Every structure is written in structure tokens, then in C-alpha cells.
Amino acid sequence: MINKARGKLLGVLALFLVMVWYSIYREDSFYFPVADNRTSCPQGEVQRKAAQLIGNYSRAQPLFLQLRDYFWEKTPSLYELPYGTKGSEDVLLRLLSITHHSLPHSIQSLKCRRCAVVGNGHRLRNSSMGDTIDGYDVVIRLNNAPVHGYEQDVGSKTSLRLFYPESAHFDPRAENNPDTLLVLVPFKPMDFQWMEAILNDKKRVRKGFWKQPPLIWEANPEQVRILNPYYMEVTAAKLLHLPMKQPRKAKQASATLTLPTRSKPSTTTSRSPSSPWL
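FYI, the numbering for the sequence shown is 25 to 302, going by my numbering.
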């Protein structure tokens, strides 16, 4: 049950981030699926829709964690991971000193962003949807959803790859593009420790994972981003209505359970944050 909840949480999180991008990284832009591509983006539409879904909706939170928030301002956090960074500030400070927080200009400069979210199921098998997926401005893939060998069905374009250590592919270059952003979705303090050890070539963290993450992960630190746990909090509390405080036994058990194994992927495509599942 915990595994299903974690998978559902990550999927809903990805869809929520699609909505966040419109309102945080591009001022008052939104896309409607119309035939005429020259149609302008309705002003303020995303902010209105977000307010309908999420109480006390705020655009003030950055999508990715930034060094300045932990070095200069010492931003306090009310929650521990996965909903906040309380207690993990020291290791996070070191990690953010070698990673980045910006979106590529190729994404940020888009007036309207059409997004596709691709997961790990069998839904796309023999679908021949590859060209359709690649036609979207932003393609978000979850965990280690495979690409190589399945391009006809799942496409070859990956703008962002959302993952946690146990779901990281040992060779990021194998299933991603050279400019793909590798976005760590932290669930526990060991996730920060694993990432820091990998990027700084320190002694690897081996304990505290339900599955051993890669001990060698040849990623470019400039392509690594750390998702702001604020969005995990909003996704869990306001979209999925999950309890924010787990019992201690549940926390311990969550580290020992497994998630679904790697398989042919499925997708959710979205022309707007409120589009139905395809």
C-alpha cells in the first residue's frame, strides 16, 4: 500500500509541476488545445485554475531548491522530508553548492508550454505514440522509464527526469538526452547524502534504502536539480489529502518496501494542467 501511495504521489506531483511552470516561470501564460497555434495565451488563467484546486495558492516558492535560500537567508522549514528540509540543512547546503536551480532558456523562453508526462506502465505498448510525445514542448519522464528501444511508442525526447535514488538509472546518459534535467525528488535525508557522495566522489551511502541505489552515477552536476519539497507537501496534503505526520513505524517500514520494477512505460499527456488523462 505504501508503494502504491508513493507511486501515486510522484505521478500527481509531476502533473502538478506542469501547472506550476505556467504560473511561476512564465508570467500569466496558459495553453488551450485549439487548432490555431497563433492564438495568444489567456492572461491569468493558470492562477485562477490553481486557486480553484489549491487553497492559499502561492507563486512565491521556487520550483528547485537554491543555494542562496540556505546560505544567505537560512530559510526555515516546518517539515522534515519528504515535505520539507528540516534537519537536512547542512548536507543540503553542500549539495546545492555544486548543483543548479535554473530552467534551460529553451523552456523558460516559451510563451506557452505543452507538456507530456511519461511513466512506467504498459499503456504505450504498440501505441506508435512516439512522434506525438516528441511533439510536445516539455516531456517529463518518471523514475527509470525506458526510452532506448521503445522510441516508436514512447518517443526519444526527455526534458526532465524525476527520480529518487532507488529509481535512478545507473547510467543517466543511456535513457536521457544530453541536456535533460535530472530532478531529484527527495523522500528522506539519505537521498541528499547519496547525491552528495556521488557528485563529490565520496564514500558511498549504502544503508537506509529499500533498494541499493547506483554506486556509480555519471551525471553532470550542471544538469542536476533538487525539487523543492514544498511541492511534495502541496501534492500530498492538498491534492491527495494524505496525512502530513506519519507514525514512526510507518516511516521505518517505508524504507524497506519496493516499488514496481522497470517495464515498458505509460504516459499522461497534457495540453493544459486541467486536461483529462489520455
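Glycine residues also receive a C-beta, built at the ideal position from the N, C-alpha and C atoms. Please read these numbers as outputs of a predicted model, since none were measured by experiment.
Here ARG137 carries a coil assignment [DSSP, helix/strand/coil]. Residue pairing for LEU206: DSSP places it in a beta bridge opposite ARG185, VAL248. In this chain, VAL229 is not harboured by any alpha helix (DSSP H), its DSSP state being neither H nor E.
Counted as a single uninterrupted DSSP element, the alpha helix (DSSP H) harbouring ILE157 occupies residues 154 to 158.
For the pair of segments examined, the stretch 97 to 113 was found to touch the stretch 211 to 222: the number of CB pairs separated by less than 8 Å reaches three. In the structure shown, ILE222 adopts helical secondary structure according to DSSP, grouped into three states.
Of the candidates MET268, THR259, LEU208, LYS269, the residue whose Cα lies closest to the Cα of TRP241 is LEU208. Scanning its chain for C-beta atoms nearer than 6 Å, with the 5 sequence neighbours on each side dropped, one finds around SER191 the residues ASN167, ASN168, in chain order. Counting other Cβ atoms within 10 Å of its Cβ, HIS193 reaches 16 or more and is therefore classed as buried. DSSP, reduced to helix, strand and coil, places ARG197 within a helical segment of the structure shown. HIS125 and PHE88 do touch by the CB rule: their CB atoms are close to 4 Å apart, below 8 Å.
Its Cα nearest to that of VAL248, the residue GLN90 stands out among SER133, GLN90, LEU239, HIS265.
The Cβ atoms of LEU186 and ALA38 lie closer than 8 Å to each other.
Distance from the Cα of GLY35 is smallest, within the candidate group PRO238, SER130, ARG165, for ARG165. In the structure shown, the three-state DSSP call for LEU117 is helix.
In this structure, DSSP gives ARG147 a state outside helix and strand, which the three-state scheme calls coil. Non-local C-beta neighbours of ASN150 in its own chain, meaning closer than 7 Å and more than five positions away in sequence, comprise ASP177, ordered along the chain. The C-alpha of SER152 is placed about 45 Å away from the C-alpha of ARG92. Approximately 6 Å separates the beta-carbon atoms of PRO86 and ASN252; this is inside 8 Å, confirming the contact. Within 10 angstroms of the beta-carbon of PRO100 lie fewer than 16 other beta-carbons, which makes it exposed.
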